[in-house]
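The block underneath contains the structure these notes are about, expressed in structure tokens.
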Amino acid sequence: MVEIVAEKGYPIEEHYITTRDGYILGCFRIPYGRHENDNALYIGKPAVFLMHGLLDSSFTWVNNPINESLGYLLADAEKGNHKVLIFFFGGAGGGKKKKKKGYDVWLGNNRGNRYSKSHVKYKVNSDEFWNFSYDEMAKFDVPDQISYVLNYTNQEKLAFVGHSEGTIQMFAAPTFTRDLESKVAIFGALAPVAWVYHCKSPLIDAMALFHVDTLFEALGVRQFLPGTFINIFAPDLCNTTPDMCGLFLELVCGPSQDLNDSRIEVYVSKTPADTSVKNMVSVRRDKFEMFDYGSDQANIDHYGSKDPPQYNATLLNIPTVLYSGTNDWLADPTDVATLMSVLNPAIVIEHKVVDGFAHLDFVWGIHANSEVYYDLISKITQYLGPGKTSS
Numbered sequence: 001m002v003e004i005v006a007e008k009g010y011p012i013e014e015h016y017i018t019t020r021d022g023y024i025l026g027c028f029r030i031p032y033g034r035h036e037n038d039n040a041l042y043i044g045k046p047a048v049f050l051m052h053g054l055l056d057s058s059f060t061w062v063n064n065p066i067n068e069s070l071g072y073l074l075a076d077a078e079k080g081n082h083k084v085l086i087f088f089f090g091g092a093g094g095g096k097k098k099k100k101k102g103y104d105v106w107l108g109n110n111r112g113n114r115y116s117k118s119h120v121k122y123k124v125n126s127d128e129f130w131n132f133s134y135d136e137m138a139k140f141d142v143p144d145q146i147s148y149v150l151n152y153t154n155q156e157k158l159a160f161v162g163h164s165e166g167t168i169q170m171f172a173a174p175t176f177t178r179d180l181e182s183k184v185a186i187f188g189a190l191a192p193v194a195w196v197y198h199c200k201s202p203l204i205d206a207m208a209l210f211h212v213d214t215l216f217e218a219l220g221v222r223q224f225l226p227g228t229f230i231n232i233f234a235p236d237l238c239n240t241t242p243d244m245c246g247l248f249l250e251l252v253c254g255p256s257q258d259l260n261d262s263r264i265e266v267y268v269s270k271t272p273a274d275t276s277v278k279n280m281v282s283v284r285r286d287k288f289e290m291f292d293y294g295s296d297q298a299n300i301d302h303y304g305s306k307d308p309p310q311y312n313a314t315l316l317n318i319p320t321v322l323y324s325g326t327n328d329w330l331a332d333p334t335d336v337a338t339l340m341s342v343l344n345p346a347i348v349i350e351h352k353v354v355d356g357f358a359h360l361d362f363v364w365g366i367h368a369n370s371e372v373y374y375d376l377i378s379k380i381t382q383y384l385g386p387g388k389t390s391s
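Counting with the UniProt record's numbering, you get residues 1 to 391 for the letters of the sequence shown.
Set out below in structure tokens:
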């Protein structure tokens, strides 16, 4: 991560954040844009926190060219004005060039991924380390990283942008704590996921159908798809057989017409980025609920009830802008409609449906900038405030 960002001319810091339950999460900071200097550290730039999706990492926000990666666009942003941004990056537009007013960008990571494989007590190869689902991510990972960023930057509020599972965590978090509504000025939900009853992913469906968690448990396997091993061989494989890699991505996320096929080997060099088997099987649910331990007694032992507690998305009280796609197999349009029916209408700024977009297009797509990012930055400017420049 550090080398990837630095070689593009951006400053980058690496932070380690210990959650209340002992996981040590890697978090990366791009404190200012390419054309500023260390003076920008002292002007109080507003902070934006980005949280990745399932089997992903902070790499997802910086793995495309500068004008296509949300992490870089935010660091360089000029008040969220999409026309000005297009002009800066060589597109249409004209007139006098304005100073960019960028944000303090933080790239978070969830427990168990390639940048968050440490714990104060458990070894990474222990069963205890991998005993988590998105329940713990919602309860600990997101709130604790947000608190760290605000304390470190001395800001009162930040903007939170999530993709896929990164949105689940924000929708679920208020069930555990109402503290975030005083800390988050705006929530940008890309490919929002809560209900996945209509999920069309053959891989996730197969995992649920064949109860792979039971099989993996019998084999003593707790880590799903060890990413580091795959990442070593996948780039060469995708370079020689790109259609095979494209097919795998399609089986998981749906057919995409917006990915740059020439960059797939770049994506798979860091993705998949690891998670637990428990987290993978928790995704395929017809209810928005906590992890189901598979039997009445197991749920009683864990929750005190036969059924897992339901998440209450109506508790979310943060201004929210949502972006979903018509070809998304994970954030299926029908399930997104269910989510929209549950959210408090008063908090919904806008729901933009992007025609033809699949799940990964929101982070890797060639046109994610024009279809989503410029509008999102404009909304962040409106609710959090414009970025600042040191020059």
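Where a beta carbon is used, it is the ideal one built from N, C-alpha and C, also for glycine.
About 7 Å separates the Cβ atoms of Thr-389 and Glu-36, confirming a contact at the 8 Å cut-off. Collapsing the DSSP output to three states places Thr-381 in a helix. Note that the stretch 352–363 does not touch the stretch 15–28; fewer than 3 beta-carbon pairs, one per stretch, sit closer than 8 Å. Boundaries of the beta strand (DSSP E) around Ile-24: 23–30. When DSSP states are grouped into helix, strand and coil, Lys-352 belongs to the strand group.
Secondary structure in the stretch 137–191: the beta strand (DSSP E) runs of 3 residues or longer, each lying completely within the stretch, are 158–163, 184–190 in chain order. For Tyr-72, the enclosing alpha helix (DSSP H) starts and ends at 70–76. In this chain, the alpha helix (DSSP H) harbouring Asp-296 covers 296–303. The Cβ atoms of Lys-157 and Ala-185 lie closer than 7 Å to each other. In the DSSP annotation of this structure, the continuous segment of the beta strand (DSSP E) that includes Val-105 starts and ends at 104–107. Pairing Arg-34 with Gly-71, the inter-Cα distance amounts to about 12 Å. In this structure, Thr-314 lies away from Val-281, with their beta-carbon atoms at least 7 Å apart. Look at Ser-256 here: in three-state DSSP terms it is coil, with no helix or strand label.
For the pair Ile-349 and Val-372, the CB atoms are not nearer than the 7 Å cut-off. One Cα belongs to Val-221, the other to Lys-278, and the distance between them is close to 10 Å.
Residue Pro-174 holds the alpha-carbon nearest to the alpha-carbon of Gln-310 among Pro-174, Phe-132, Pro-333, Asn-113. For Ile-17, the enclosing beta strand (DSSP E) has its first and last residue at 13–18.
When the Cα atoms are used, Val-266 and Asn-63 turn out to be separated by approximately 7 Å.
In this structure, Ser-164 places its C-beta atom within 7 Å of the C-beta atom of Gly-53.
When Tyr-103, Gly-102, His-119 are compared, the shortest CA-CA separation from Asn-110 is found for His-119.
The three-state reading of DSSP puts Val-268 in coil, since its state is none of H, G, I, E or B. Annotation: the continuous beta strand (DSSP E) that includes Leu-322 extends over 320–325. DSSP places Val-48 in the strand class (E or B) of the three-state scheme.
Closest in C-alpha terms to Val-105, from the list Gln-145, Phe-216, Asp-286, Glu-128, comes Gln-145.
Shortest Cα-Cα distance from Tyr-115 to any of Glu-68, Ser-133, Leu-107 involves Leu-107.
Leu-25 has its alpha-carbon roughly 23 Å from the corresponding atom of Pro-192.
Going by C-alpha positions, Tyr-122 is about 6 Å away from Phe-129. Cβ atoms of Asp-332 and Lys-139 stay farther apart than 8 Å, at about 26 Å.
Secondary structure at Phe-224: strand, using DSSP grouped into helix, strand and coil. The DSSP-derived three-state label of Thr-389 is coil. Buried is the label assigned to Val-149, since at least 16 other Cβ atoms lie within 10 Å of its Cβ.
Going by DSSP, Met-1 is part of no alpha helix (DSSP H) at all; its letter is neither H nor E. DSSP links Ser-118 through a beta bridge to Ile-24. Pairing Tyr-197 with Ile-168 gives a Cβ-Cβ distance that is not under 7 Å. Separation of the CB atoms of Ser-269 and Phe-224 is rounded to 19 Å, and the pair is thereby denied contact status at 8 Å.
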